[in-house]
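Working notes for the structure below.
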Amino acid sequence: MQTVNIHNAKTNLSRLIDRAAKGEPFIIAKAGKPLVKVVPLDSPSVQARRVGFMTGQLSVPDDFDRMGSDDIDQLFGAIP
């Protein structure tokens, strides 16, 4: 496994990342002392959200914006 110093890593970061992504991990060292290991990710940790994936599977009642309004009015004193 290749070890590179911080200056070299900054200078060649794109090339090093490309190599790591292809399965060649490397270590970044400072003054010859290993600090971090750069390895490729197996899979994305966050999956992209799919907009509209439940289209047609749900229905919203016509009175949705008024649902529970009587109870709310009674709780806050609008209805005696």
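The working numbering numbers the first residue of the sequence shown as 7 and each following residue consecutively.
Beta carbons: idealized from backbone N, C-alpha and C, even for Gly.
These figures come from a predicted structure and were not determined experimentally.
query, result
"Whole-angstrom distance between Gln80 and Leu64, CA atom to CA atom", "30 Å"
"Minimum C-alpha distance to Gly29 - residue among Asp68, Phe59, Gln8, Asp76", "Gln8"
"Same chain, Cβ closer than 8 Å to Val42, neighbours up to 5 away in sequence not counted", "Ile33, Ile34"
"Classification of Ala27 by the beta-carbon crowding that lies within 10 angstroms, buried from 16 upward", "exposed"
"Residue span of the alpha helix (DSSP H) that contains Asn14, given as start and end", "12-17"
"Unbroken beta strand (DSSP E) run spanning Leu41, endpoints", "39-44"
"Same chain, Cβ closer than 6 Å to Asn11, five either side skipped, listed in chain order", "Ala35"
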